[in-house]
Amino acid sequence: MAHADREEIIQVVLDYLAQYDTSGTPGLDEDLFESGRVNSLFSIQLVGFLENTFRIKITVTDLDLQNFATVNRVADLVLAKSATTTGA
Amino acid sequence: MSESSAARTIGVVGAGGIGLSVAADFVIHGFGVVLVDIDESRLEKSRDELSRAVLYGPMLRTALPRVPVEEALARTVFTTRLEALASCEFVVENVTESWDVKRGLYRELDAVLPPGVGIGVNTSSISIGRLAAETTRAPDVIGIHFMNPSYLKDAVEIMRGAETSDACLARVSGILEALGKSAVVVGDFPGFVSNRISHLFFNEAIRVVEEQGVEPATVDAVFKKCFGHRMGPLETADLIGLDTVALTLDHLYDSYGDEKFRCAELLRSMVKTQRLGRKTGHGFYQYGPVQPS
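Next up, the structure:
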């Protein structure tokens with residue numbers, strides 16, 4: 010699913026999140042860790058999921074919990090990485 | 024990494040979930056590690072898991088040093104030979120929560136390790152004094168209950184056996200300090216403080232799912248949202264490994280003879296069908312794909 014648009018990315022992330030958090034759809038700017046929807050270990054799973062699903066490579070410098078804290082920021086990261094990842 | 028810290032080598036026996044995270048904790052903090060497991064394929068998998076822990080640890084806990092993955096792997100020896108532990112200043116044992124397995128291992132460790140090298144028992148419930156009695160170095164045997172994942176935790180529960188020396192306790196406190204951890208010292212009784220209590224509520228949470236049909240996420244949400252816990256009991260049980268949780272409950276039941284520790288049937292059946300939690304990708308929750316071994 011390389012080069013998905015923002016709407017698609019958000020929907021995929023929300024669907025993935027829904028497997029772990031059954032308490033309803035979060036706000037796109039809601040801090041998923043602070044609100045207790047998922048714990049920070051979830052971010053590690055999310056990294057693998059994003060890499061596989063969107064065929065992107067997340068690098069060490071991207072590994073900041075803040076990049077994974079809200080749905081919007083995850084979408085920002087995927088879009089930025091999709092733009093820089095070639096051959097996907 | 025300073026010369027002095029590079030010279031310090033710790034042995035880690037058992038490359039399961041907790042053993043691996045303990046090994047990663049030491050490597051992240053500049054130690055060399057000799058990681059021993061009887062299973063070659065398990066060790067092979069450990070390289071990836073150690074790499075990921077070293078990579079992701081500092082994201083989850085920003086105070087952790089960032090160690091390049093190549094350096095972490097270069098500082099770790101992966102081996103099936105217990106003899107490789109002879110150069111270690113201290114050994115942390117993390118094998119399965121079974122008296123028979125641990126007992127045999129302690130006799131072997133005692134034969135392989137030079138006199139004075141201490142052994143930290145990373146156990147959920149097995150008596151430190153009983154294991155120490157299998158060795159000729161009882162004063163150097165101490166319980167160190169690392170929580171999973173070790174590199175994200177600020178403290179460990181220390182179980183002092185009847186014969187554990189002050190010197191051993193002091194040495195372990197020094198090692199923990201190098202990991203940025205503090206110690207809470209408790210006595211040597213089945214389950215200690217942590218698991219005697221936590222496994223009761225894991226078990227009770229499982230019964231609520233089994234008997235009342237409440238969704239796991241709902242049970243956990245009560246703990247997270249109402250009590251402010253970072254993780255709910257079922258998520259925590261999945262993280263520990265449901266096989267370990269069941270073995271610990273069995274051990275507590277045998278030790279205290281109290282019905283309250285009887286393992287829930289749902290937990291038993293999940294263990295039988297290999298729904299062991301994070302490590303098999305499926306427990307009370309589904310997890311990302313398990314890395315092929």
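Those protein sequence lines, which keep their order, are chains A and B.
Those letters in the first sequence? Residues 10 to 97, per this note's numbering, in order.
Those letters in the second sequence? Residues 24 to 316, per this note's numbering, in order.
Where a beta carbon is used, it is the ideal one built from N, C-alpha and C, also for glycine.
Just so you know, these numbers come straight off a predicted model, no measurement behind them.
Asked                                                                                                                                                                                                     : Found
Out of curiosity, what's the CA-to-CA distance linking Ser-52 of chain A and Leu-74 of chain A?                                                                                                           : 7 Å
Decide if Ile-320 of chain B is buried, meaning its Cβ has at least 16 other Cβ atoms within 10 Å, or exposed.                                                                                            : Not covered by the structure: residue 320 of chain B. The range shown for chain B is 24 to 316.
When burial is assigned at 16 or more other CB atoms within 10 Å of the CB, is Phe-224 of chain B buried or exposed?                                                                                      : exposed
Relative to the C-alpha of His-8 of chain A, which residue among A:Asn-48, A:Val-47, A:Glu-60 and A:Thr-34 is closest?                                                                                    : With chain A covering only 10 through 97, there is no way to say anything about residue 8 of chain A.
Does the Cβ-Cβ distance between Gly-49 of chain B and Arg-70 of chain B come in under 8 Å?                                                                                                                : The amino acid at residue 49 of chain B is misidentified as Gly; the sequence shows Phe. Taking 8 Å as the Cβ cut-off, Phe-49 of chain B and Arg-70 of chain B do not qualify as a contacting pair.
May I ask you to report which of helix, strand or coil DSSP gives His-305 of chain B?                                                                                                                     : strand
Measuring CA to CA, which of A:Ser-44, A:Val-80 and A:Ile-67 is closest to Ala-89 of chain A?                                                                                                             : A:Ile-67
So what does DSSP say about His-14 of chain B, is it helix, strand or coil?                                                                                                                               : Coverage of chain B is limited to positions 24 through 316, which leaves residue 14 of chain B absent and any answer about it impossible.
If the criterion is Cβ atoms closer than 8 Å, does the pair Ser-110 of chain B and Ala-76 of chain B meet it?                                                                                             : no
Starting from the C-beta of Arg-84 of chain B, find all residues in its chain whose C-beta is less than 8 Å away, skip the five residues before and the five after it, and write them out in chain order. : Tyr-174 and Leu-175
Quick one: what's got a C-beta closer than 6 Å to Tyr-276 of chain B's C-beta in the same chain, skipping five residues either side?                                                                      : Phe-284 and Arg-285
Under 8 Å between the Cβ atoms of Glu-157 of chain B and Arg-126 of chain B?                                                                                                                              : yes
Check whether the Cβ atoms of Val-268 of chain B and Leu-290 of chain B sit closer than 8 Å, and answer yes or no.                                                                                        : yes
Work out the CA separation of Glu-17 of chain A and Arg-82 of chain A for me, nearest whole Å.                                                                                                            : 14 Å
Can you confirm whether Gly-36 of chain A, when its beta carbon is compared against all beta carbons of chain B, has any partner nearer than 8 Å?                                                         : no
Would you mind telling me which residues of chain A sit closer than 8 Å to Gln-235 of chain B, beta carbon to beta carbon, in chain order?                                                                : Ordered by position in chain A, no residue passes the 8 Å Cβ test against Gln-235 of chain B, which lies about 16 Å from the chain.
Is there contact between the region 291-309 of chain B and the region 259-273 of chain B, where contact requires at least three CB pairs shorter than 8 Å?                                                : yes
Distance, Cα to Cα, Glu-227 of chain B vs Ala-244 of chain B?                                                                                                                                             : 15 Å
Quick one: what does DSSP say Ile-198 of chain B is sitting in, helix, strand or coil?                                                                                                                    : helix
Between Val-90 of chain B and Arg-98 of chain B, what straight-line distance do the alpha-carbon atoms span, to the nearest angstrom?                                                                     : 11 Å
In chain B, which residues lie with their C-beta within 7 Å of the C-beta of Gly-45 of chain A?                                                                                                           : Lys-247 and Lys-248
Whose C-alpha, out of B:Ala-86, B:Ile-220, B:Gly-197 and B:Val-114, is nearest the C-alpha of Thr-32 of chain B?                                                                                          : B:Val-114
For the alpha helix (DSSP H) containing Ile-51 of chain B, name the first residue and the last one.                                                                                                       : 40-51
Between Gly-236 of chain B and Ile-229 of chain B, what straight-line distance do the alpha-carbon atoms span, to the nearest angstrom?                                                                   : 10 Å
List the residues that DSSP assigns as beta-bridge partners of Met-182 of chain B.                                                                                                                        : B:Gly-166 and B:Val-209
From which residue to which residue does the alpha helix (DSSP H) around Phe-54 of chain B run?                                                                                                           : Here Phe-54 of chain B belongs to no alpha helix (DSSP H), and DSSP marks it neither H nor E.
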